[in-house]
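Chemist: Heads up: the sequence shown begins at 1 in UniProt numbering, then just goes up one per residue.
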Amino acid sequence: MGAPVAIADVAQAFPGRSGERLALDGIDLSLAPGELVCVVGPSGCGKSTLLDLVAGHTRPARGSVAVDGSPVTGPGPDRVMVFQEHALFPWLSVADNVGFGLKQAGVPAAERESTVARWLAKVGLTDAASLHPHQLSGGMRQRAALARAFAMRPAVLLMDEPFSALDAPSRDRLHVELQELWRETGTTILFVTHNVREAVALGDRVIVLSSGPGRIIGDVRVSLARPRVVESERVVALAQDVRRLLDAADQLGIAAPRGGEDDHVVI
Ligand SMILES: Nc1ncnc2c1ncn2[C@@H]1O[C@H](COP(=O)(O)OP(=O)(O)OP(=O)(O)O)[C@@H](O)[C@H]1O
Ligand SMILES: [Mg+2]
């Protein structure tokens, strides 16, 4: 079962050309156990920075981050990250990749094998168990990465644009699969994307960040029936509302100007 996450008055700063530059400011965000919360915002607004703080890769300049009531002071097996690039080990088979974290955690071989087999089956990769990552499609690689993450039974799953590099049909399938795995496991998920429709399709809530520094400018509850898909009319309509929030922030000068190639929020 997932754990609660409490982010309170968090700011993060990095060295810039003229001293410290704020990447995030005044972030107050709580996730209930088992909640799936999406964070959307323009490139550079601090989405990955936020995930790093919850993962314990970095410490905030101000404020606090707690998971299951305990302050985050570093990485831990209760929090697992899934990246845009699958980050599988190229020299290991799919099965060994999925079992890697379990092996590190000292799970005995027999138990490991059955856990790996179960998760490979759940993501439809049973037949690919002995293949290596370079023999898989992009969608299969992200499935393997999902199996590896869920096999660790994390209390909190941190997902950083995990489907952004996939073609639309693979991404759509993974959206449905992720919602099923999430429902089955009750994992708390913090899912970062620059794709507004994806955020609305997946999230119980969509947190909207402005950039320069990243601040929360919207917290939109999505109560549409699941599983949801990005093409659904109601998802598209709600995504337009979220998009309007981002545009309004832009016009007020809250967000950095958009339009550059790598500064994209897509709907
Ligand atoms: N280690 C670091 N050192 C210095 N600056 C950093 C560091 N990490 C992030 N930043 C800066 O903090 C800001 C937020 O970066 P972050 O990677 O969190 O954005 P993002 O919303 O994830 O962007 P994208 O959508 O492009 O992935 C950016 O201005 C970035 O340059
Ligand atoms: Mg990022």
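Backbone N, C-alpha and C define an ideal beta-carbon position, used for all residues, glycine too.
By the DSSP assignment, the beta strand (DSSP E) with Ala82 in it spans what residues?
Modeler: As a first step, residue 82 is located in the sequence shown; it is residue number 82 there, counting from the start. Residue identity check: residue 82 is Val in the sequence provided, not Ala. Run containing Val82: 79-82, per the beta strand (DSSP E) assignment.
Chemist: At the level of alpha carbons, what is the spacing between Gly139 and Gly63?
Modeler: Walking along the sequence shown from the start, residue 139 turns up at place 139. Walking along the sequence shown from the start, residue 63 turns up at place 63. Near 37 Å, if we compare the C-alpha coordinates of Gly63 and Gly139.
Chemist: Taking only heavy atoms of ligand 1 into account, decide whether any of them is closer than 7 Å to the Cβ of Pro15.
Modeler: Numbered from its first residue, the sequence shown carries residue 15 at position 15. Pro15 Cβ: within cutoff of ligand 1.
Chemist: Starting from Thr49, trace the alpha helix (DSSP H) in both directions and tell me its first and last residue.
Modeler: Indexing the sequence shown from 1 puts residue 49 at position 49. Note, Thr49: alpha helix (DSSP H), 47-55.
Chemist: Report whether the distance from the Cβ of Asp160 to the nearest heavy atom of ligand 2 is below 7 Å.
Modeler: Mapped onto the sequence shown, residue 160 falls at position 160. Between ligand 2 and the CB of Asp160, the shortest heavy atom gap is smaller than 7 Å.
Chemist: For Glu111, count neighbouring Cβ atoms within 10 angstroms of its own Cβ and tell me buried if that reaches 16, exposed if not.
Modeler: The residue you call residue 111 lines up with position 111 of the sequence shown. When all chains shown are included, Glu111 counts as exposed.
Chemist: For my contact list, Val229 and Asp172 are in at a C-beta cut-off of 8 Å; report their separation, rounded to the angstrom.
Modeler: Residue 229 sits at position 229 when you count from the first residue of the sequence shown. Residue 172 sits at position 172 when you count from the first residue of the sequence shown. So it is a contact: roughly 6 Å between Cβ atoms.
Chemist: Less than 8 Å between the CB atoms is what I'm expecting for Ala32 and Ala155, so what's the real figure, rounded?
Modeler: What you label residue 32 is simply residue 32 of the sequence shown in a count that begins at 1. What you label residue 155 is simply residue 155 of the sequence shown in a count that begins at 1. The C-beta distance from Ala32 to Ala155 rounds to 12 Å, too long to fall under 8 Å, and the pair is not in contact.
Chemist: Given this structure, state the Cα-to-Cα distance separating Leu117 from Leu36, to the nearest angstrom.
Modeler: Numbered from 1 along the sequence shown, position 117 holds the residue referred to as residue 117. Numbered from 1 along the sequence shown, position 36 holds the residue referred to as residue 36. The sequence as given places Ala at residue 117; Leu does not occur at that position. Whole-angstrom Cα-Cα distance: 26 Å.
Chemist: Kindly indicate which residue of Val5, Cys45, Pro15 has the alpha-carbon position closest to the one of Leu209.
Modeler: Translated into the one-based positions of the sequence shown, residue 209 becomes position 209. Taking only the C-alpha atoms, the option nearest Leu209 is Cys45.
Chemist: Put Phe100 into one of helix, strand or coil per three-state DSSP.
Modeler: Within the sequence shown, the letter at position 100 stands for residue 100. Assigned with DSSP and collapsed to three states, Phe100 falls in helix.
Chemist: Going along the chain, which residues of its own chain have a beta-carbon closer than 6 Å to the beta-carbon of Ser164, five neighbours each way excluded?
Modeler: Locating residue 164 in the sequence shown gives position 164, where the first residue counts as 1. The answer, listed in chain order, is Gln84.
Chemist: What first and last residue would you give for the beta strand (DSSP E) that runs through Gly63?
Modeler: In the sequence shown, the residue the question calls residue 63 occupies position 63. 62-67 is the extent of the beta strand (DSSP E) around Gly63.
Chemist: Excluding sequence positions up to five away, which residues of its chain have a Cβ less than 8 Å from the Cβ of Ala105?
Modeler: Sequence index remark: in the sequence shown, residue 105 carries index 105 (1-based). Cβ-Cβ distances below 8 Å link Ala105 to Pro77, Met152 in the same chain, with the five nearest sequence neighbours on each side left out; the list follows chain order.
Chemist: Excluding five sequence neighbours on each side, which residues of the same chain lie with their C-beta closer than 7 Å to the C-beta of Ala55?
Modeler: Residue mapping note: residue 55 aligns to position 55 of the sequence shown, counting from 1. These residues qualify, in order along the chain: Pro75, Arg79, Met81, Leu158.
Chemist: Thr73: buried (16+ other C-beta within 10 angstroms of its C-beta) or exposed?
Modeler: The sequence position of residue 73 within the sequence shown is 73, counting from 1. Classification for Thr73: exposed.
Chemist: Taking the runs of the alpha helix (DSSP H) that are 4 residues or longer, which of them lie wholly in the segment 171-240?
Modeler: Those alpha helix (DSSP H) runs which fall completely within the segment 171-240 and span 4+ residues are 196-202.
Chemist: Using a Cβ-Cβ cut-off of 7 Å (strictly less than) and excluding sequence neighbours within five positions of Trp182, which residues of its own chain qualify?
Modeler: Walking along the sequence shown from the start, residue 182 turns up at place 182. Excluding residues within five positions, the ones whose Cβ falls inside 7 Å are Leu36, Ile189.
Chemist: Check for me: the alpha helix (DSSP H) holding Gln12 runs from which residue to which?
Modeler: By one-based count along the sequence shown, residue 12 stands at place 12. Premise fails: Gln12 lies in the beta strand (DSSP E), 5-16, not in any alpha helix (DSSP H).
Chemist: If I follow the unbroken beta strand (DSSP E) through Ala23, where does it start and stop?
Modeler: On the sequence shown, position 23 is the one that residue 23 refers to. 19-31 is the span of the beta strand (DSSP E), which, as asked, contains Ala23.
Chemist: Rounded to whole angstroms, how far is the Cβ of Glu231 from the Cβ of Val192, which I believe are closer than 8 Å?
Modeler: Here the question's residue 231 lines up with position 231 in the sequence shown. Here the question's residue 192 lines up with position 192 in the sequence shown. The Cβ separation is near 22 Å, so there is no contact.
Chemist: Is it true that the CB of Ala61 sits closer than 8 Å to the CB of Ala13?
Modeler: Taking the sequence shown and counting its residues from 1, the one referred to as residue 13 is at position 13. Taking the sequence shown and counting its residues from 1, the one referred to as residue 61 is at position 61. The answer is yes: Cβ separation under 8 Å.
Chemist: Could you tell me the distance, in whole angstroms, from the CA atom of Ser93 to the CA atom of Leu131?
Modeler: In the sequence shown, residue 93 corresponds to position 93, counting from 1. In the sequence shown, residue 131 corresponds to position 131, counting from 1. Near 5 Å, if we compare the C-alpha coordinates of Leu131 and Ser93.
Chemist: Using only alpha-carbon positions, find the residue among Glu233, Phe150, His175, Gly214 that is nearest to Asp25.
Modeler: As a first step, residue 25 must be located in the sequence shown, where it is residue number 25. Of the listed residues, the one whose Cα sits closest to Asp25 is Gly214.
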